[in-house]
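One structure is given below, encoded as structure tokens.
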Amino acid sequence: MLKQLLKYTEKKATRDGFGDGLFELGQKNENVVALCADLAGSLKMNKFIDHYPKRFFQSGVAEANMMGVAAGLATGGFIPFTGTFANFSTGRVFDQIRQSIAYSHKNVKICASHAGITLGEDGATHQILEDIGMMKMLPGMTVINPCDYRQTKAATLALADHVGPAYLRFGRPGWPVFMPENIPFEIGKGILLNPGKDVSIFATGHLVWNALLAADQLEKEGISCEIINIHTIKPLDEEIILESAARTGKVVTAEEHQLAGGLGESIASLLGRKHPMPIEIVAVNDSFGESGKPMDLMKKYGLDVSDVVAAVKRVLSRP
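In terms of the numbering used here, the sequence shown opens at residue 12 and continues consecutively.
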């Protein structure tokens, strides 16, 4: 299956998957409404706006107000999808999310583009690497970080049927579209992409692709990697993680986020409680980003394919 996944035919940004999914939801469900903080083009929301202008609310650069309005719309029975950059979707409005959405368990979908280091040239002020940790700590908040265009579209569609607050994280750059169309998307359920026997690699978001490339390289060296796509960070699919870890006895995690508060810490906590074993975490190590080309930044901050390969070799060398 690994070779089939690596034969992608196009690149599309995950934010395009959100835009197309939102437009499809507009056709299917008249209760779906959209809100944006002056970044509709960047969030690819224009098709929804063009066809359903009365179901779109432009807040301007007033993200806190947008979250409050979304909470009110949810109280009225609508299904609001908010859209802005990940930094403004979480860090700027954490108080409003905590008090008006999470605490009240409002059915609001917080949709965040331009997440992580791959935002690129806009620099450290916009490259939020703490958002997953902030959102997963909120009681009742679902956190989803899909890996490509298809999975982001599927996640967007799934959120309309999910009742409760949710955070959907996606990115700016064009990225390989590699997930097979016949694999269903289920919130809270990881996806086995490649069976292996030497090490389990649990990856999320853009790093799923890097994990697949690393597995292909390691296979040529005689190392068999099991690759699992953890698109839902909360609720975490404990079953698939523990089963895979028990098979291989070694674990690597990979994510475009700070090491503190991310997927790796969630999995390390799970293993520490239920099945202790060696684990290596590929993530940004207590650092802000900087302006630069996305792939150059991925390499500088330890998120490159070579970093996944090195982590696998480290964990295999541990007793």
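Glycine is no exception: its CB is placed at the ideal position from the N, C-alpha and C atoms. Small disclaimer: the values here were computed from a predicted structure and weren't measured.
For the pair V263 and S211, the CB atoms are nearer than the 9 Å cut-off. Residue burial is scored here from C-beta neighbours: P195 has fewer than 16 other C-beta atoms within 10 angstroms and is therefore classed as exposed. About 17 Å separates the Cβ atoms of L247 and L204, ruling out a contact at the 8 Å cut-off.
Residue pairing by DSSP places Y178 opposite I121, V154 in a beta bridge. Judged by DSSP secondary structure, F34 falls within the alpha helix (DSSP H) whose first and last residues are 25-39.
In the structure shown, G94 adopts extended strand secondary structure according to DSSP, grouped into three states. A contact is defined here as three or more CB-CB pairs under 8 Å, and the region 316-324 meets this definition with respect to the region 225-242. Residues of the same chain with a CB within less than 6 Å of the CB of E141, apart from the 5 flanking positions on each side, are Q269 in chain order. Per the Cβ contact rule, the region 233-246 is not in contact with the region 26-40 (fewer than 3 Cβ pairs under 8 Å). Three or more Cβ pairs closer than 8 Å define a contact, and the region 182-194 falls short of that threshold against the region 308-320. The three-state secondary structure of T243, taken from DSSP, is strand. Residue range 142-147 is occupied by the alpha helix (DSSP H) that includes I143. For P157, the number of other beta carbons within 10 angstroms of its own is at least 16, and it is reported as buried. For L16, the enclosing alpha helix (DSSP H) stretches over residues 13-17. Annotated as proximal: D133 and S302, with beta-carbon spacing under 9 Å.
Collapsing the DSSP output to three states places L270 in coil.
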